[in-house]
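Reading through the structure tokens given below for one structure.
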Amino acid sequence: MEYPNTRLYTHSHKSLKSSILCLVVMMILLSLPAFFSKAASDKFHYFYQVFFDGIICILIFLIPIFLFYRNVKVYFWLLFPLALLSPLIIFSILSFKVAPGWHFFSLILQTNINEAKELGANYLAFFLPLEALYIGLYVLFLKKLDVKTISFRIAAAVSVVSLFSVGAYLYLNNQLHLRGDNSVKKYYPMSLVGGVVEVLKYEVPVDNQKFSFQAYQSVATSKRQIQVFIIGESSRYDRWHINGYNRPTSPLLEQQTGLIAFSNVMAGAHATWMSLPQMITRATPKNIDAQFHEKSILSAFKEANFQTAWLSNQSDKELYFSGTTPIHAKTADYSVFSSNSSGLEILDVYDARLLPILDSVLSNSTKNAFVVLHTMGNHYDYPRRYPSSFNVFKPSGKDQAVGTPTIASKDIINNSYDNSILYADYIINSAIELVKKKRAISTVTFLADHGENLYDLPGGEFNAHTKPSIYSLHVPLFIWTSQEFDQAFPQKRQNLIKNKDKRIGAGNIFFTNLALANVTFSAFEPSQSIVDDSFQENEQEYYDLETKKSTSSRALRQH
Numbered sequence: 007m008e009y010p011n012t013r014l015y016t017h018s019h020k021s022l023k024s025s026i027l028c029l030v031v032m033m034i035l036l037s038l039p040a041f042f043s044k045a046a047s048d049k050f051h052y053f054y055q056v057f058f059d060g061i062i063c064i065l066i067f068l069i070p071i072f073l074f075y076r077n078v079k080v081y082f083w084l085l086f087p088l089a090l091l092s093p094l095i096i097f098s099i100l101s102f103k104v105a106p107g108w109h110f111f112s113l114i115l116q117t118n119i120n121e122a123k124e125l126g127a128n129y130l131a132f133f134l135p136l137e138a139l140y141i142g143l144y145v146l147f148l149k150k151l152d153v154k155t156i157s158f159r160i161a162a163a164v165s166v167v168s169l170f171s172v173g174a175y176l177y178l179n180n181q182l183h184l185r186g187d188n189s190v191k192k193y194y195p196m197s198l199v200g201g202v203v204e205v206l207k208y209e210v211p212v213d214n215q216k217f218s219f220q221a222y223q224s225v226a227t228s229k230r231q232i233q234v235f236i237i238g239e240s241s242r243y244d245r246w247h248i249n250g251y252n253r254p255t256s257p258l259l260e261q262q263t264g265l266i267a268f269s270n271v272m273a274g275a276h277a278t279w280m281s282l283p284q285m286i287t288r289a290t291p292k293n294i295d296a297q298f299h300e301k302s303i304l305s306a307f308k309e310a311n312f313q314t315a316w317l318s319n320q321s322d323k324e325l326y327f328s329g330t331t332p333i334h335a336k337t338a339d340y341s342v343f344s345s346n347s348s349g350l351e352i353l354d355v356y357d358a359r360l361l362p363i364l365d366s367v368l369s370n371s372t373k374n375a376f377v378v379l380h381t382m383g384n385h386y387d388y389p390r391r392y393p394s395s396f397n398v399f400k401p402s403g404k405d406q407a408v409g410t411p412t413i414a415s416k417d418i419i420n421n422s423y424d425n426s427i428l429y430a431d432y433i434i435n436s437a438i439e440l441v442k443k444k445r446a447i448s449t450v451t452f453l454a455d456h457g458e459n460l461y462d463l464p465g466g467e468f469n470a471h472t473k474p475s476i477y478s479l480h481v482p483l484f485i486w487t488s489q490e491f492d493q494a495f496p497q498k499r500q501n502l503i504k505n506k507d508k509r510i511g512a513g514n515i516f517f518t519n520l521a522l523a524n525v526t527f528s529a530f531e532p533s534q535s536i537v538d539d540s541f542q543e544n545e546q547e548y549y550d551l552e553t554k555k556s557t558s559s560r561a562l563r564q565h
């Protein structure tokens, strides 16, 4: 059998030029995410970096070409799924500065249907035309490609040169390895492949049924004890008037006697699925896997003979990347979620729906109780988080459709967010009033899972909480204690006040909630509880979702 000669054959010169043009256009479409990827990095400074990333991407795509010398079209049809995905990658980079990789896929997989609807509805006007243009151009030029077979020698030469060039570049930059951020996985499309591999390697929680805290109540009281833990969503510290904001976003809590506002609290991560477990288990940024091997605070309270309940305005569906929260939540004596039988979350069901359920749980028993209220809080889409009666700051999303958040809609977005804070103030205060009526030794604790970036980062884009920053990690913490609690445990109250401006991390709340009720166990760490005399300030680290490492928040504070 004869090998083809070294030229494209059975084609005219005009046809050859047309085919080369088609190949160039398709390669550009496939590699365009690489040219944009640097825009997702805060370390991007020079345009030559964009050029080299794009060239490396193109060369990577050319490496396997020798396998398809008999039918080049087959290769480009195999790459068609990447062309379909490219607009989504570009969209995530431009809108949220999330580059292709593990973080990109984890955000997709942890997003439930309702969140996707809310977010997607505002971005469809931008995304759909881009997707249609991409598909149209790619298919058009692929069909116009006249060349089917090329010389094996040419194909092999292109593959070898591409492989050598990529290898040499990576070697010279000390990136010819697979581990760490500064590796071959740094470059698209290898970053995409690496992201898929890491997502597939993600472990579901292991069986923790044999685990026991062997918790008990060290100091019993004749009066009933009630603890309510309210988990806020996407609430940032500096948008509460009680914390110094210039708008009256917390009028009720500011008049609530017995409330302590803490000034220096950092979340354990900038996404719920990794920050929330650090609030209800002994997981920390340095020991994030504890959430998989141990039970939660609910189990510790149950062992101490407390009635437990998890009342959630979020979904109970254990999505692939929802983290351990739904699994831990369902270990409570009573668990309620705002999802219907199909698992779709109910739209526009406000957090106030949890209040009568809380009242019912507390009224139907005289046992000591620990109740978690998991709210929707201040999660995007902000106008959906509060009823019209709380539409105080205008113009807002209640008055006019925002569409894709842009600099032009900055005031509307911020007004809507502040209205959602105002409503959160009402929810927390209402819970306190309900608990207050029980005349028990009571506390109500509020802590947000993370904050929100609202046009604050370099570039001025709307970013929500896809990036770690002082705005997405500095969170509000409020603890209210009843008169009965203050009389029973005056030293605990004094310690809370003494520690209100000290460095606190989300992990401290696990030990604090237990210590408020005098629940302890053999491995309990008093120095991690802000109600204890021996409390030690936290280094304030967070779990970086991209590096998957514990990272100090100091640099964020200096930013």
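Start counting the sequence shown at 7; every next residue gets the next number (the numbering used here). Where a beta carbon is used, it is the ideal one built from N, C-alpha and C, also for glycine.
For the region 367 to 380 and the region 313 to 321, state whether three or more C-beta atom pairs, one from each stretch, are separated by less than 8 Å. yes
Considering just the uninterrupted stretch of the alpha helix (DSSP H) at alanine 521, what are its terminal residues? 514 to 522
Who are the near neighbours of lysine 400 in its chain, counting only those whose CB is closer than 7 Å to its CB and skipping five residues on each side? Asn421
For the region 73 to 105, list the alpha helix (DSSP H) runs that are entirely contained and at least 4 residues long, ordered along the chain. 78 to 84 and 86 to 102
Select from Phe72, Ser189, Val167 and Met32 the residue whose C-alpha is nearest the C-alpha of isoleucine 141. Met32
Could you pull out every unbroken beta strand (DSSP E) segment of at least 3 residues lying fully inside the region 340 to 389, listed in chain order? 340 to 342 and 375 to 380
Compare the beta carbon distance of threonine 278 and isoleucine 427 with 8 Å and say whether it is the shorter of the two. no
Burial state of threonine 372, where buried means 16 or more other Cβ atoms lie within 10 Å: exposed
To the nearest angstrom, how far is it from the Cα of leucine 453 to the Cα of alanine 267? 10 Å
When you compare the CB positions of tyrosine 461 and lysine 404, do they come within less than 8 Å of one another, or not? no
At least three beta-carbon pairs within less than 8 Å, the region 508 to 525 to the region 228 to 247: yes
Taking the DSSP output, what are the residues bridged to alanine 267? Phe484
Since isoleucine 248 is in the beta strand (DSSP E), which residue starts that stretch and which ends it? Premise fails: isoleucine 248 is in no beta strand (DSSP E) and is neither H nor E.
For glutamate 324 and tyrosine 549, what's the separation of their Cα atoms in angstroms? Unreliable positioning characterises glutamate 324 in this predicted model, as indicated by a pLDDT of 49, which lies under 50. The coordinate reading is nonetheless provided below. Their Cα atoms are separated by approximately 21 Å.
Note down, one range per segment and in chain order, each alpha helix (DSSP H) of at least 4 residues found wholly within the region 134 to 179. 158 to 178
Using a Cβ distance threshold of 8 Å, determine whether the region 295 to 312 contacts the region 480 to 496, with at least three qualifying pairs required. no
Can you tell me which residues form a DSSP beta bridge with lysine 555? Asp550
Look at the Cβ atom of glutamate 239, then the Cβ atom of asparagine 374, and state whether they are nearer than 8 Å. no
Quick one: what does DSSP say isoleucine 503 is sitting in, helix, strand or coil? helix
Taking C-beta to C-beta, are isoleucine 62 and valine 166 nearer than 8 Å? no
Could you tell me the distance, in whole angstroms, from the CA atom of serine 168 to the CA atom of leucine 22? 22 Å
Beta-carbon within less than 6 Å of histidine 456's beta-carbon, same chain only, minus the 5 sequence neighbours each way: which residues are those? Ala273, His276, Ser281, His471 and Ser478
Report yes if the C-beta distance between alanine 162 and phenylalanine 72 is below 8 Å; otherwise report no. yes
Taking the alpha carbon of arginine 445 as the point to measure from, which residue in Phe57, Gly60 and Ser228 has its own alpha carbon closest? Ser228
Isoleucine 476, buried or exposed, once every other Cβ within 10 Å from all chains shown has been counted against 16: buried
Quick one: what does DSSP say valine 525 is sitting in, helix, strand or coil? strand
With DSSP run on the structure shown, which of helix, strand or coil describes tyrosine 326? For tyrosine 326, the pLDDT reaches just 46, beneath the cut-off of 50, and the residue's location in the model is therefore unreliable, leaving the point undetermined.
CB of asparagine 566 within 8 Å of CB of asparagine 425, strictly: This structure gives no information on residue 566, because the portion of the chain shown stretches from 7 to 565.
Residue nearest to lysine 508 in terms of C-alpha spacing, selected from Asn524, Val537 and Gln489: Val537
As a quick exercise: from Gln55, Tyr75 and Ala40, pick the residue whose alpha carbon is nearest that of proline 93. Ala40
Does valine 56 come out as helix, strand or coil in the three-state DSSP assignment? helix
DSSP puts serine 305 in a beta bridge; with which residues? The partner list for serine 305 (beta bridge, DSSP) is empty, contrary to what the question assumes.
Cβ neighbours of isoleucine 69 in the same chain (closer than 6 Å, five flanking residues each side left out): Ser165, Ser168 and Leu169
Sort out for me which residues DSSP pairs threonine 314 with in a bridge. Phe376
Check for me: the alpha helix (DSSP H) holding isoleucine 71 runs from which residue to which? No alpha helix (DSSP H) holds isoleucine 71; DSSP gives it neither H nor E.
Starting from serine 448, trace the beta strand (DSSP E) in both directions and tell me its first and last residue. 447 to 454
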